[in-house]
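Okay, so here's the structure we're looking at.
Number of protein chains: 2
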Amino acid sequence: MRVVKNINNNVSLCIDSQGREVIAFGKGIGFTRPPYEVPLTMIQRTFYNVNQAYLGVIAQIPEEIIDVSTEIVDNANQQLGDRYSANVILTLADHIQFAIKRQHEQVHLKLPLLYEVKHLYPNEMKIGIAALALINNRLSIQLPEEEAASITLHLVDYGNKEINPSSIKEKSKLTKVTEFIETQMNIKIDKTGFNYSRFATHMYYLFERIDTDKNISSENEKMFELLKVQYPKTYDCAIAIKNILNVEFNDEELLYLIIHINRLCSREDCYR
Amino acid sequence: MRVVKNINNNVSLCIDSQGREVIAFGKGIGFTRPPYEVPLTMIQRTFYNVNQAYLGVIAQIPEEIIDVSTEIVDNANQQLGDRYSANVILTLADHIQFAIKRQHEQVHLKLPLLYEVKHLYPNEMKIGIAALALINNRLSIQLPEEEAASITLHLVDYGNKEINPSSIKEKSKLTKVTEFIETQMNIKIDKTGFNYSRFATHMYYLFERIDTDKNISSENEKMFELLKVQYPKTYDCAIAIKNILNVEFNDEELLYLIIHINRLCSREDCYR
Chain L
1 MRVVKNINNN VSLCIDSQGR EVIAFGKGIG FTRPPYEVPL TMIQRTFYNV NQAYLGVIAQ
61 IPEEIIDVST EIVDNANQQL GDRYSANVIL TLADHIQFAI KRQHEQVHLK LPLLYEVKHL
121 YPNEMKIGIA ALALINNRLS IQLPEEEAAS ITLHLVDYGN KEINPSSIKE KSKLTKVTEF
181 IETQMNIKID KTGFNYSRFA THMYYLFERI DTDKNISSEN EKMFELLKVQ YPKTYDCAIA
241 IKNILNVEFN DEELLYLIIH INRLCSREDC YR
Chain C
1 MRVVKNINNN VSLCIDSQGR EVIAFGKGIG FTRPPYEVPL TMIQRTFYNV NQAYLGVIAQ
61 IPEEIIDVST EIVDNANQQL GDRYSANVIL TLADHIQFAI KRQHEQVHLK LPLLYEVKHL
121 YPNEMKIGIA ALALINNRLS IQLPEEEAAS ITLHLVDYGN KEINPSSIKE KSKLTKVTEF
181 IETQMNIKID KTGFNYSRFA THMYYLFERI DTDKNISSEN EKMFELLKVQ YPKTYDCAIA
241 IKNILNVEFN DEELLYLIIH INRLCSREDC YR
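If you read the sequences in order, they're chains L and C.
The UniProt record's numbering applies: residue 1 is where the first sequence begins, and numbers increase by one.
The UniProt record's numbering applies: residue 1 is where the second sequence begins, and numbers increase by one.
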């Protein structure tokens with residue numbers, strides 16, 4: 001292995017026997033002035049296909065953070081099927097270093113996002129939770145639980161494989177249903193309002209339940225019969241939406257739909 | 001201005017007249033071999049206090065992306081009170097470049113997160129929405145709406161100022177209420193379940209409404225009287241929670257609490 005450029009005392013850019021560029025880690029490997037042949041026994045770890053733009057980033061990150069980041073990404077590749085390139089180790093290490101720096105300054109991700117991320121990206125979140133435990137344990141720090149979601153979003157952001165192709169389809173379904181409610185209930189919904197935001201989130205999870213053939217089912221189901229009588233117009237609207245989406249759902253799903261539509265019809269959120 | 005190191009043809013590391021390090025952008029400024037004095041007329045833009053680790057990142061990002069990123073961060077600093085350092089311009093530029101690269105590969109942030117982010121970080125989201133419009137317009141591309149949330153999260157992540165000190169307090173309130181429901185309803189709630197996740201999100205927004213003295217109010221309020229009779233035990237639990245939190249809320253808030261508690265009591269989500 002030929003060292004062609006030193007990045008810091010323990011990290012160098014090398015060319016391997018097949019002429020490929022590789023970043024090599026090894027104690028003291030950067031002490032000798034390149035170019036020179038480094039004995040393979042000195043090399044502890046290598047990274048192939050690293051974007052050279054990240055060389056500067058590598059140089060300033062403590063080795064134990066690189067270690068932890070490598071383990072996290074290795075774990076992610078094992079669990080999620082080789083989705084991440086070596087570059088992700090470095091961007092993630094940079095991310096972890098920044099998280100540590102701000103540890104005493106702020107809690108940066110709010111609570112509900114933690115729960116949303118957990119449900120939207122369950123597989124990545126498992127990696128994120130394990131990653132947080134690893135970081136806290138190995139680096140003897142105590143990053144808040146929210147960092148697990150932050151790491152998860154980093155993994156989602158830098159994953160190479162397609163994660164959510166259905167998102168566009170869902171957006172158009174949401175638009176269709178929203179327009180229908182506006183026509184049916186003779187209102188104009190404020191799309192920037194809180195209730196619309198909750199409605200959109202609800203619908204998204206509903207679409208997911210439809211796709212996976214799951215219905216919510218709890219004690220609430222009984223309420224439905226009462227509501228049907230009390231809000232006939234909203235009930236009709238909910239039934240029509242069920243038909244538009246061309247799906248079956250149980251009384252409890254209809255109940256939530258009625259509640260959400262009623263919220264959209266509140267004075268603050270629409271113009272009649 | 002003295003150039004001490006060239007980063008690429010148009011970007012160099014310089015020392016200014018006061019001896020401070022500065023990254024300078026200017027057409028062809030990197031053509032001459034340093035050290036040399038560069039005429040100030042050649043310099044189009046300067047960045048102070050840049051972490052040198054990012055020099056490699058700068059070198060590989062097209063100038064028009066740096067331009068757009070600079071404008072976004074300038075805008076954010078103007079709107080949010082100088083929260084971001086020059087380094088954020090570079091991490092954001094890297095982020096934008098990656099978003100463009102994956103544009104045809106995937107939609108990376110799911111729909112509900114877009115809505116959550118909008119409501120959790122309304123001020124940062126305004127910057128994110130404007131940023132997306134700027135990127136799409138200036139770089140003649142069409143990144144999806146979700147990228148606005150992704151950029152927002154980047155700004156949240158790299159902001160220096162305290163954003164959410166109340167998060168810890170809220171987490172302990174959530175724990176307290178959860179434990180109370182478990183005792184009162186004689187159940188053990190599965191904290192990893194979907195219904196708990198929706199409950200946690202609901203409670204968080206409820207805490208926020210309490211803090212800002214807002215109640216939800218819509219047609220749904222009328223439902224409450226029916227539920228009170230039908231679910232007396234759950235109703236008692238909801239009233240007790242109101243007392244634990246030592247707040248007032250209207251019938252509609254109680255209604256949602258009852259519905260959520262009932263969901264937590266469903267067979268899939270708890271052990272009796």
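The beta carbon of each residue, even a glycine, is placed where N, CA and C say it ideally should be.
Everything numeric in this text was worked out from a predicted model, so none of it was measured.
For residue j and residue i, believed in contact at Cβ under 8 angstroms, the rounded distance
i              : j              : result
E63 (chain L)  : N10 (chain L)  : 6 angstroms
D251 (chain C) : E221 (chain C) : 5 angstroms
E116 (chain L) : T201 (chain C) : 7 angstroms
G56 (chain C)  : Q52 (chain L)  : 6 angstroms
T46 (chain C)  : V22 (chain C)  : 5 angstroms
I244 (chain C) : K176 (chain C) : 7 angstroms
I187 (chain C) : C237 (chain C) : With a Cβ gap of about 11 angstroms, I187 (chain C) and C237 (chain C) do not count as contacting.
E71 (chain L)  : L153 (chain L) : Going by Cβ atoms, the distance from E71 (chain L) to L153 (chain L) rounds to 19 angstroms, so no, they are not a contact pair.
M223 (chain L) : L254 (chain C) : The pair is not a contact, with the Cβ atoms about 14 angstroms apart (cut-off 8 angstroms).
Q79 (chain L)  : I129 (chain L) : Their Cβ separation, rounded to whole angstroms, is 12 angstroms, which puts Q79 (chain L) and I129 (chain L) out of contact at 8 angstroms.
Y235 (chain L) : I258 (chain L) : 6 angstroms
Y48 (chain C)  : A86 (chain C)  : 6 angstroms
Contacts of residue i in chain C (Cβ-Cβ under 8 angstroms)
i              : result
E21 (chain L)  : Under the 8 angstroms cutoff, chain C gives no residues; its nearest Cβ is about 14 angstroms from E21 (chain L).
P112 (chain L) : E116, L120, A200, T201, Y204, Y205
I189 (chain L) : Those within 8 angstroms of I189 (chain L) in chain C number zero; the least Cβ separation is about 13 angstroms.
S197 (chain L) : Y115, E116, K118, H119
F249 (chain L) : Those do not exist, as F249 (chain L) stays about 15 angstroms from chain C at its closest Cβ, beyond 8 angstroms.
Range of the contiguous alpha helix (DSSP H) that encloses residue i
i              : result
T152 (chain L) : 146-158
Per-residue contacts from residue i into chain L (C-beta, under 8 angstroms)
i              : result
G56 (chain C)  : Q52, A53, Y54, L55, G56, V57
N262 (chain C) : S218, E219, N220
Q230 (chain C) : K222, M223, L226
Q60 (chain C)  : N51, Q52, A53
Beta-carbon gap between residue i and residue j smaller than 7 angstroms
i              : j              : result
Q97 (chain C)  : I61 (chain C)  : yes
A149 (chain C) : L113 (chain C) : yes
P34 (chain L)  : K5 (chain L)   : yes
H119 (chain C) : F199 (chain C) : no
I151 (chain C) : A131 (chain C) : yes
I65 (chain C)  : L90 (chain C)  : no
Y205 (chain C) : L111 (chain L) : no
N262 (chain L) : S217 (chain C) : no
V156 (chain C) : Y121 (chain C) : yes
G19 (chain C)  : I43 (chain C)  : no
V73 (chain L)  : V50 (chain L)  : no
V3 (chain L)   : S12 (chain L)  : yes
A93 (chain C)  : Y84 (chain C)  : no
N215 (chain C) : F180 (chain C) : no
E146 (chain C) : L109 (chain C) : yes
Span of the beta strand (DSSP E), counted from its first residue to its last, around residue i
i              : result
E248 (chain L) : Per DSSP, E248 (chain L) belongs to no beta strand (DSSP E) and is neither H nor E.
T46 (chain C)  : 45-48
L139 (chain C) : Neither: L139 (chain C) is in no beta strand (DSSP E) and is coded neither H nor E.
I15 (chain L)  : 11-15
K27 (chain L)  : Run containing K27 (chain L): none; DSSP gives neither H nor E here.
R2 (chain L)   : 2-8
Residues that residue i contacts on chain C, provided the C-beta gap is smaller than 7 angstroms
i                     : result
residue 353 (chain L) : Because chain L spans 1 through 272 in this model, residue 353 (chain L) falls outside it and cannot be assessed.
S12 (chain L)         : Those within 7 angstroms of S12 (chain L) in chain C number zero; the least Cβ separation is about 15 angstroms.
F194 (chain L)        : H119
Chain L residues whose Cβ lies nearer than 7 angstroms to that of residue i
i              : result
I259 (chain C) : N220
Where residue i meets chain C, residues with beta-carbon distance less than 9 angstroms
i              : result
I153 (chain L) : A small fix is needed here, since residue 153 (chain L) is Leu in this sequence, not Ile. Chain C residues near L153 (chain L): L109, L113, S150, L153, D157.
E170 (chain L) : K110, L111
S266 (chain L) : I216, S217, S218, E219, N220
is_contact[residue i, chain D] using C-beta, thresh 7 angstroms
i             : result
Q78 (chain L) : Protein chains L and C are contained in the structure displayed, whereas chain D is not.
Mind pulling the alpha helix (DSSP H) runs of 4 or more residues that sit fully within the segment 168-240 of chain C?
194-211, 223-230
Can you give, in chain order, each stretch of the alpha helix (DSSP H) that sits fully within the segment 50-124 of chain C and has at least 4 residues?
55-60, 63-80, 86-101, 111-120
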